[in-house]
Structures are given as structure tokens and as C-alpha cells.
Amino acid sequence: MVVKAGLKGFIPDVEGPVQSHYNQLHRHVAVSAFGFLFRSHALYTFEINEDYASNVSFLNDVYDNFKERRDPGSLDKSITNSVMYKAPTKSRFKAARRLELRKPVQRMVAIKEAHSDDEHVGKTRYVRDKPGRNPTVTRFFLQELDPEAERYRRVQKPLTRKLNRKRGPPLRAASELSEVLSADVPIDYFTPAYYNSLSLRERARYARGGVAFPLAKYAFAPEHAEWKTMDRKPFMKKYGKEVLRQYNIPTAEEIAGLSDSDEDDEDDGSEPDIIDLVDTSEDEDEMEVEEELDP
Numbered sequence: 016m017v018v019k020a021g022l023k024g025f026i027p028d029v030e031g032p033v034q035s036h037y038n039q040l041h042r043h044v045a046v047s048a049f050g051f052l053f054r055s056h057a058l059y060t061f062e063i064n065e066d067y068a069s070n071v072s073f074l075n076d077v078y079d080n081f082k083e084r085r086d087p088g089s090l091d092k093s094i095t096n097s098v099m100y101k102a103p104t105k106s107r108f109k110a111a112r113r114l115e116l117r118k119p120v121q122r123m124v125a126i127k128e129a130h131s132d133d134e135h136v137g138k139t140r141y142v143r144d145k146p147g148r149n150p151t152v153t154r155f156f157l158q159e160l161d162p163e164a165e166r167y168r169r170v171q172k173p174l175t176r177k178l179n180r181k182r183g184p185p186l187r188a189a190s191e192l193s194e195v196l197s198a199d200v201p202i203d204y205f206t207p208a209y210y211n212s213l214s215l216r217e218r219a220r221y222a223r224g225g226v227a228f229p230l231a232k233y234a235f236a237p238e239h240a241e242w243k244t245m246d247r248k249p250f251m252k253k254y255g256k257e258v259l260r261q262y263n264i265p266t267a268e269e270i271a272g273l274s275d276s277d278e279d280d281e282d283d284g285s286e287p288d289i290i291d292l293v294d295t296s297e298d299e300d301e302m303e304v305e306e307e308l309d310p
């Protein structure tokens, strides 16, 4: 179950935020494993209450309680951190949806950790640095999505106050949250240098998200604006392959060798995963992420 979740082992980040994708994945694995054992009657000697064992929300709270006992106040802190991400994530994602941008772009924008977290000083938010993030991503947020979000706010919600975020220079130092990375991000969320410096396993983990943007020389050129709404195949043919050439993407053979040599991995007899770099299929259902971003 741990391997199928894409984890090297069950190693939750007990020092990091509870609500990070990484820790939530561990919680999901733990709760799912408990449910499986309970339903298979492997825990019958413990006389576990069936009502509690079937209550997923309760089990999630029990799992999170370890973090709270170890570091009092950590759950409140984690919720605060989540809110720090949520404001720019929500407005930018809704802007991306209104602009009908490519699905990989929308998928990236919906990931809270793709955005800079802020340092609060009074009523002002100072933007922190985001190590490893491609400048193309940052520039697209600032030049394309934020202005669209502000135009929408002025028309639809003129009485609301604009979010006051200051970007330095210099940017505030990166926080521990900047080390939280989601496996769902497209590969070009990272700079090539940052991605190529990662371990083989990490590069494999982040190679599955497809390509969101063309190279910077095309991304902001008016004559190439078509890329923003292009389907997967024409985008990859015209822009995506050139982007991928910058990244040292593991081969299927390297992944197989990694699995064979890693003593910590469980061997479930399955074939090694083949990394699929194509974007989300254009005929798939609409992404169900708006609900998560709404209050």
C-alpha cells in the first residue's frame, strides 16, 4: 500500500505542516491500512468499536493528534499556514478557469504549495522566496493571473479590499513550507537546474505531471498566445518537446534499477512504473478542485 502510494517508505514529516500533501498522503495510507485490517477482522482481538473504526473523519483526527501532542499548537499553526496559501491560490485558480487555460496550467495553479507563502507583519503580507520555482511560473502568476483576478474583483466585488502582498526586493527568506512539494506539479514548475539536482527517485516522482508552459521566449510573446489554450498533442509537438530537453528525466531502465537496488522498497511483484509525461487527456471530466478551494 505504501509503495502504490508512491512513497519510499512510511516516513511522515513529523516536523513539517500536517496539511502538506506529503503528510496528508501518509495519513491517507495509515487510515486506509487500518480500515483494511479492521474489515478483514485482523484486529478483532482488540475489540475495536465499529462506529469509530468506520468514521474516517474521526480516524484522521486521531492520526493528527500525535502531531498535536508532540508539538502543542501545531495544528492551529498548520491551519494558519494553509490559509497563507489559500488566498492567492483561490483567486489565481478562478482566474485560470475564466481564461480557459490548458489543464496542466490549471492543475498547477490549484496546488497550494505552488504559490509563495507569506510572512505577516501587521496587515501587510510580505512574500517569501520560493526555491526551485521556475521564473516563468512566477512571471505568469504576476503578469497574467493576478491582473485578471484583480479585474474580476473590481467588477464583481468592488467593496472588497485588494490583498496587500509586497514582493520586496529582496524577497523574505523561504520558510519551511517552501520545502513542501506536491508530486502533481508539472515538470516545468521547477527550473531545469533545480530539477536536475534532485535524486533519481525525486526526479521520477516529479516527472509525471506533464508540461504546463512553453519556453519563456514563447510564453509571453503575443504571437504565441495560442499555447495557453492548446490541446495536448499540438502543444507537445510545437512547444513541449523543446521544454523536456532541458530536464534530465529518468528512463524506464533507471526506474527499474532504482527499484531493484532500494532495500527499503517493498517488492510486490509488479512491473516498474513507466513514466508518462503527456498532459491530462483533454476529454477527461472537469477538474474537481474548485470545491476544495472554496470557503
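Once you know that position 69 of the sequence shown is 84 in the working numbering, the rest is easy, because the numbers rise by one and skip nothing. Ideal Cβ placement from N, Cα and C applies to all residues, glycine included.
Reduced DSSP secondary structure (H/G/I, E/B, other) of residue i
| i | result |
| --- | --- |
| Arg148 | strand |
| Phe205 | strand |
| Ala125 | coil |
| Ser276 | With a pLDDT of only 48 at Ser276, under 50, the local geometry of the prediction cannot be trusted, and no value is derived from it. |
| His56 | coil |
| Leu114 | coil |
| Val46 | helix |
| Ile63 | coil |
| Arg107 | helix |
| Tyr210 | helix |
| Asn70 | coil |
| Tyr37 | helix |
| Ile26 | coil |
| Ala267 | helix |
| Ala227 | coil |
| His239 | helix |
Endpoints, the alpha helix (DSSP H) within which residue i is located
| i | result |
| --- | --- |
| Arg166 | Asp161 to Gln171 |
| Leu259 | Lys256 to Leu259 |
| Arg218 | Leu215 to Arg220 |
| Arg247 | Arg247 to Phe250 |
| Tyr233 | Ala231 to Ala234 |
Residue of the options minimising C-alpha distance to residue i
| i | options | result |
| --- | --- | --- |
| Leu215 | Gln121, Glu268 and His56 | Glu268 |
| Gly50 | Asp66, Asn38 and Gln39 | Asp66 |
| Ile246 | Ser212, Thr60, Leu58 and Val120 | Rather than Ile, the amino acid found at residue 246 in this sequence is Asp. Minimum Cα distance to Asp246 is reached at Val120. |
| Thr266 | Ala222, Lys127, Asp199 and Phe250 | Ala222 |
| Ser146 | Ser131, Arg220, Glu159 and Arg113 | Per the sequence presented here, residue 146 reads as Pro, with Ser not at that position. Cα-wise, what sits closest to Pro146 is Ser131. |
| Glu233 | Leu213, Tyr210, Arg218 and Val258 | Per the sequence shown, residue 233 should be read as Tyr rather than Glu. The shortest C-alpha separation from Tyr233 is found at Val258. |
| Glu159 | Gln171, Leu273 and Lys109 | Lys109 |
| Ala129 | Glu163, Phe250 and Ala227 | Ala227 |
| Asp161 | Ala111, Tyr254, His41 and Ile26 | Ala111 |
| Met123 | Asp203, Ala57, Leu52 and Thr60 | Asp203 |
| Ala231 | Ile264, Tyr254 and Thr60 | Tyr254 |
Any non-hydrogen atom of the ligand GTP closer than 8 Å to residue i Cβ
| i | result |
| --- | --- |
| Ile264 | Summarising the ligand content, the structure contains no ligands, and the ligand GTP is consequently not present. |
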